[in-house]
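Inspection log for the structure reproduced underneath, given as structure tokens.
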Amino acid sequence: MGENTTTNQGTHSIGIVERETGIGRDTLRIWERRYGFPEPARNEKGERVYSDSQVRRLQRLRRLLDQGLRPGKVLPLGEDALHRLEASLFPQAAQQTDASIQTLVDAVRCADTGKVELLLQTQYQNQGMERFIVETVTPLLSAVGELWAGGRLQIFQEHFLSDQLIRFLNTQIAKLQKTGRVTVCFFGDGASNQGTFHEAINIAASFSLPVVYVCENNLFGVGTRQCPAVRKIENIADRAVGYGIPGVVVDGNDVLAVYGAASEAVERARAGEGPTLIECKTYRWRTHFEGEPDTYRDPAEVKEWLAKEPIGRFKAALVKQGVLTEDEAQAIEQRVIEELEEAVRFAYDSPEPAVAEALTDVYAG
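Residue 316 in our numbering sits at position 306 of the sequence shown, and the numbers go up by one each step.
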């Protein structure tokens with residue numbers, strides 16, 4: 011069956027459903043999760059197919075939502091639920107919850123992070139953590155996701171949604187719970203030149219969120235040496251001063267140095283003092299991708315950095331301090347080699363995945 015045909019079992023492909031309901035496939039997946047729509051069946055090619063009754067229910071739901079109706083909680087799309095929707099018989103609490111979510115959505119659309127934080131704090135205090143996750147965070151992400159999928163968010167707000175909102179919610183939840191949890195964000199030197207890097211750190215610093223930003227600076231972004239070609243300053247950590255947070259440069263090939271810098275940053279975050287930007291100076295052993303000609307690096311430089319690899323240095327330090335013997339180190343290395351070989355064997359011996367699995371874990375829900 012092609013994508014735009016109907017099977018002889020009375021089921022409809024996603025292409026047909028899009029045309030008959032006016033609902034895009036991305037929005038459709040969001041609605042299925044938000045409104046408890048049963049998982050559609052799949053045909054022999056692994057494509058999602060919908061029954062006549064499912065299409066009719068989607069059409070009815072579309073008409074209801076176009077009129078501005080919103081269920082305040084996840085409802086299975088059975089006949090009773092649809093009748094309740096069509097009769098507008100929503101509980102008062104559900105209406106209040108929906109209004110609160112809409113206010114949050116409006117704040118996200120305007121990228122008003124101060125208002126978002128205040129509203130989240132109010133909801134958390136009123137609901138407690140379990141209700142806060144179920145009744146506020148989940149509907150918020152679904153509602154904003156609908157706007158995003160429907161093209162009703164501009165580019166700036168899309169970046170706020172995709173690159174910051176989830177991290178912002180995670181760190182806000184950690185802050186509200188006061189559990190001592192800390193978010194650690196890893197990225198490369200090339201990513202530090204993107205706008206989302208600055209936006210995210212600015213938000214985290216402004217609200218003293220418990221975040222540690224770790225830049226793994228291997229000196230190259232794809233095939234371009236970052237400094238001075240695309241970055242004037244030598245140290246990425248120097249950018250931290252613009253956000254009023256500590257910036258720390260550390261030898262990224264020294265395990266104990268990284269541990270020390272990370273420990274201090276985590277303790278600072280737990281104490282409510284906000285984020286730290288740690289720059290780990292390191293090097294890329296191989297090219298950006300396998301098979302790429304290594305024409306942009308000096309062989310002498312590569313050799314110099316290979317001599318500073320972190321595992322051998324850490325092993326030597328442990329042996330020197332009497333923490334580890336040479337025999338114990340060799341035994342550890344052998345166990346790691348055996349584990350890797352077993353993983354490779356498992357991969358080779360595993361059956362090829364079915365075509366129907368092509369989109370597994372690609373979409374949430």
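Virtual Cβ for every residue (Gly too), placed ideally from N, Cα, C.
This structure is a prediction, so every number in the text was calculated from the model and none was measured.
Integer-rounded CB distance, given that Ala271 should sit under 8 Å from Ile288: 5 Å
Contact set for Asp261: own chain, Cβ-Cβ below 7 Å, skip 5 residues either direction: Ala267 and Lys291
Just checking my contact of Gly284 with Leu219 at CB under 8 Å: how many whole Å lie between their CB atoms? 7 Å
Consult DSSP for Arg307 and reduce its assignment to one of helix, strand or coil. coil
Figure out for me which residue from Lys125, Lys325, Ala341 and Gln64 has the closest Cα to the Cα of Glu49. Gln64
Going residue by residue through the region 190-274, where are the continuous alpha helix (DSSP H) segments of at least 4 residues, counting only ones entirely within it? Every unbroken stretch of the alpha helix (DSSP H) spanning 4 or more residues and falling wholly within the region 190-274 is given here in chain order: 205-216 and 236-239.
So, is Leu369 buried or exposed, given that buried needs 16 or more other C-beta atoms within 10 angstroms? With fewer than 16 Cβ atoms within 10 Å of its Cβ, Leu369 is classed as exposed.
Through-space distance from Leu229 to Gly200, alpha-carbon basis: 9 Å
Classify Thr335: buried if its beta carbon has 16 or more other beta carbons within 10 angstroms, exposed otherwise. exposed
Alpha-carbon spacing of Glu348 relative to Val276, whole angstroms: Cα-Cα distance, rounded: 34 Å.
Rounded to whole angstroms, how far is the Cβ of Ala317 from the Cβ of Gly254, which I believe are closer than 8 Å? The Cβ separation is near 38 Å, so there is no contact.
Whole angstroms are fine: how far does the CA of Gln344 sit from the CA of Glu351? Going by C-alpha positions, Glu351 is about 11 Å away from Gln344.
When you compare each of Asn227, Lys325, Leu129 and Arg35 to Ile246 by their alpha carbons, which one comes out closest? Asn227
Which of helix, strand or coil does DSSP assign to Thr370? Three-state result, Thr370: coil.
Are there 16 or more other CB atoms within 10 angstroms of the CB of Gln10, so buried, or fewer, so exposed? Only positions 11 to 375 of the chain appear in this structure, which leaves residue 10 out of reach.
Out of Gly282, Glu302, Ala117 and Arg29, which one is the CA nearest neighbour of Gly190? Gly282
Within this structure, are the beta carbons of Val240 and Asn203 separated by less than 8 Å? yes
Since I believe Thr21 is in contact with Val59 (beta carbons under 8 Å), could you give me their beta-carbon distance rounded to a whole number of angstroms? 4 Å
Name the residue from Glu362, Ala353 and Tyr293 whose alpha carbon lies nearest to the alpha carbon of Glu319. Tyr293
Using DSSP bridges, identify the partner residues of Tyr293. BP columns for Tyr293 are empty, so no partner.
Val118 (DSSP reduced to helix, strand or coil): DSSP, read as helix, strand or coil, puts Val118 in helix.
Would you kindly work out how many angstroms separate the C-alpha atoms of Gln133 and Phe196, rounded to a whole number? The straight-line gap from Cα to Cα measures roughly 30 Å.
Beta-carbon proximity list for Phe324, same chain, < 7 Å, skipping 5 on both sides: Contacts found: Val265.
Can you give me the start and stop residues for the alpha helix (DSSP H) that Thr335 sits inside? Unbroken run through Thr335: none, as it is neither H nor E.
Candidates Arg307, Lys55, Ile111 and Val27: which alpha carbon is nearest Arg70's? Val27
Report the CB separation of Ala339 from Val329 in whole angstroms; it is logged as a contact under 8 Å. Confirmed, about 7 Å.
Indicate the three-state DSSP secondary structure (helix, strand or coil) for Ile377 in the structure shown. Examination of residue 377 is not possible in this model, given that the chain is present from 11 through 375 alone.
On the three-state DSSP scale, how would you describe Ser63? helix
Would you give the residue range spanned by the beta strand (DSSP E) that Thr21 belongs to? Thr21 to Ser23
Give the single residue among Leu68, Val251, Gln331 and Lys313 whose Cα lies nearest to the Cα of Thr37. Leu68
Alpha carbon to alpha carbon, how far is Ser61 from Arg29? 15 Å
Rounded separation between Ala310 and Gln236 - CA only: 19 Å
Would you list the one or two residues that DSSP bridges to Ile288? Val224 and Val258
For Arg52, the residue or residues it bridges with in DSSP: Arg58
Just verifying my parser: in three-state terms, what is the DSSP assignment at Phe299? coil
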